[in-house]
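Here it is in structure tokens:
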């Protein structure tokens, strides 16, 4: 029998792709409205959606606290009893909401979780920083190809850190998806405008991002329940702190590019701070507008923050539902999805992009999309085309609730670690 379709994972995957396409479109529009302030925009639009995550997290936990107090006045989450019990019970409002944990724990996570959040945030911040510094020194189409290293890097880290093994179907699926993403951009030309060192830096930027994604899976696996909202806020928060702390890197001559070097001769710290202030004056429409700024610059920035925030949340929730590798695999559909969306004038118009920027759907975009979809299906080939013995083992594991598999002589929990599970 064919395995049941995991509709929740399908919905989260679709949300991740749609929000990713929206992020790409709004990011491009943002660069047209406010040019020359890449480092300021990096921590600003991340900060915007992080504040939304914080508001939702605090609101959820406060409402859960009030609800629990009304339902059972003798037990509150901030009581000594709650602190002593450690809070293992989960309420109806989802992971952490309404548990017996103290409120600070439900907002910040326990020490083990928070250490993971810190490492995730620093890894993500480093990834964004490396790719931002390489921007303008690497052909945009080459950037799309190098970003696909995210998939093999995630598989590598998952194999080394989580001890996961990948079968022939998983490997075939990964190769097809990787080939499909590359097929979308290679025929357009990727050889011009590349600096070898910075191409290496851009590709290397996918490694810490892969590490962060695998750590998400580890936290969801080790600490149950773990709140996606909590993880999203704190990992983003630490990434923003990293980006702000490393701002002085932009003072180095020719280090930061956007349509040319931002500081071709370097900059002093006061000059850097004045430049950041100009970016915010542009964002808030203060007259006279600084250089590189157009009226209404705030709109694409807000759109970018909204779409990217939804994308981050959907990706983490998908990792919880399936695995880090599967989430990245599905996310690769963003490349052909963006190419297809770029051919629809109505969609471009939503982000203030003119009809002159419409890109027709070419044969290689269709080919790439088909390869990506085929790869995702092939990745789960065991569920569709696996042997009767493999399916029987899956049924046995489901029936025995993790007890020993009589055919293989190993426990289901052990066998489940031998391949990526959805």
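In this note's numbering, the protein residues as written are 1177 to 1598.
The C-beta atom is built at its ideal place from N, Cα and C for all residues, glycine as well.
message: Using 9 angstroms as the threshold, is the C-beta distance between residue 1477 and residue 1215 below it?
response: Translated into positions along the chain shown, residue 1477 becomes position 301. Translated into positions along the chain shown, residue 1215 becomes position 39. Taking 9 angstroms as the Cβ cut-off, residue 1477 and residue 1215 do not qualify as a contacting pair.
message: Which of the three DSSP states is assigned to residue 1280 in this structure?
response: Counting from one through the chain shown, the residue named residue 1280 turns up at place 104. In the structure shown, residue 1280 sits in a helix (DSSP, three-state: H, G or I).
task: Go through its chain and collect everything with a Cβ distance to residue 1516's Cβ below 8 angstroms, but skip five positions before and after it.
output: If you number the chain shown from 1, residue 1516 lands on position 340. The residues are 1537, 1541, 1545.
field: Inter-stretch contact (C-beta, 8 angstroms, three-pair minimum) for the region 1371-1382 and the region 1488-1495
entry: no
task: With residue 1199 as the anchor, note down where its alpha helix (DSSP H) starts and where it stops.
output: Your numbering for residue 1199 matches position 23 in the chain shown. It spans 1183-1209 - the alpha helix (DSSP H) in which residue 1199 sits, taken as one unbroken run.
- prompt: Along the chain, where does the alpha helix (DSSP H) that runs through residue 1118 open and close?
  reply: Outside the modelled stretch of the chain, which goes from 1177 to 1598, sits residue 1118, for which no answer is possible.
task: Can you tell me which of the three DSSP states residue 1213 falls into?
output: Residue mapping note: residue 1213 aligns to position 37 of the chain shown, counting from 1. Correct three-state label for residue 1213: coil.
- prompt: So what does DSSP say about residue 1316, is it helix, strand or coil?
  reply: Counting from 1 along the chain shown, the entry for residue 1316 is found at position 140. Judged by DSSP in its simplified three-state form, residue 1316 adopts helix.
query: Looking only at C-alpha atoms, which of 1334, 1398, 1280, 1535 sits nearest to residue 1502?
result: Numbered from its first residue, the chain shown carries residue 1502 at position 326. Comparing Cα positions, the closest option is 1334.
query: If you follow the alpha helix (DSSP H) that residue 1454 is part of, which residue opens it and which one closes it?
result: Translated into the one-based positions of the chain shown, residue 1454 becomes position 278. 1445-1459 is the span of the alpha helix (DSSP H), which, as asked, contains residue 1454.
task: Within the same chain, show all residues whose beta-carbon is closer than 7 angstroms to that of residue 1408, passing over the 5 residues directly before and after it, in chain order.
output: As a first step, residue 1408 must be located in the chain shown, where it is residue number 232. These residues qualify, in order along the chain: 1229, 1488, 1489, 1492.
query: Just reading off the alpha helix (DSSP H) that residue 1303 is part of, what are its end residues?
result: Counting from one through the chain shown, the residue named residue 1303 turns up at place 127. 1287-1310 is the extent of the alpha helix (DSSP H) around residue 1303.
- prompt: Touching or not, the region 1414-1423 and the region 1299-1310, by the rule of three or more beta carbon pairs under 8 angstroms?
  reply: yes
- request: Would you mind giving the Cβ-Cβ distance between residue 1225 and residue 1319, rounded to the nearest angstrom? I have them listed as a contact below 8 angstroms.
  value: Here residue 1225 refers to the residue found at position 49 of the chain shown. Here residue 1319 refers to the residue found at position 143 of the chain shown. Wrong, their Cβ atoms sit about 23 angstroms apart, outside the cutoff.
Cβ pair residue 1353, residue 1547 closer than 9 angstroms: To locate residue 1353, count along the chain shown from 1; it is residue 177. To locate residue 1547, count along the chain shown from 1; it is residue 371. Contact: yes.
message: Checking 9 angstroms against the spacing of the C-beta atoms, do residue 1441 and residue 1424 come in under that value?
response: Residue 1441 sits at position 265 when you count from the first residue of the chain shown. Residue 1424 sits at position 248 when you count from the first residue of the chain shown. Their beta carbons are not under 9 angstroms apart, which means residue 1441 does not touch residue 1424 by this criterion.
task: Using beta-carbon positions only, say whether residue 1415 and residue 1551 come within less than 9 angstroms of one another.
output: Here residue 1415 is taken as the residue at index 239 of the chain shown, counted from 1. Here residue 1551 is taken as the residue at index 375 of the chain shown, counted from 1. Cβ distance not < 9 angstroms, so residue 1415 and residue 1551 don't count as in contact.
- prompt: By Cβ distance below 6 angstroms, which residues in the same chain neighbour residue 1389 in space, the five residues on each side in sequence not counted?
  reply: As a position in the chain shown, residue 1389 is number 213, starting the count at 1. Same-chain partners within the cutoff: 1330, 1500.
query: When you compare each of 1426, 1511, 1413 to residue 1284 by their alpha carbons, which one comes out closest?
result: What you label residue 1284 is simply residue 108 of the chain shown in a count that begins at 1. Ranking 1426, 1511, 1413 by Cα distance to residue 1284 puts 1413 first.
- request: Kindly indicate which residue of 1453, 1438, 1485 has the alpha-carbon position closest to the one of residue 1309.
  value: For this step, residue 1309 is matched to residue 133 along the chain shown. Checking every option, the nearest Cα to that of residue 1309 belongs to 1438.
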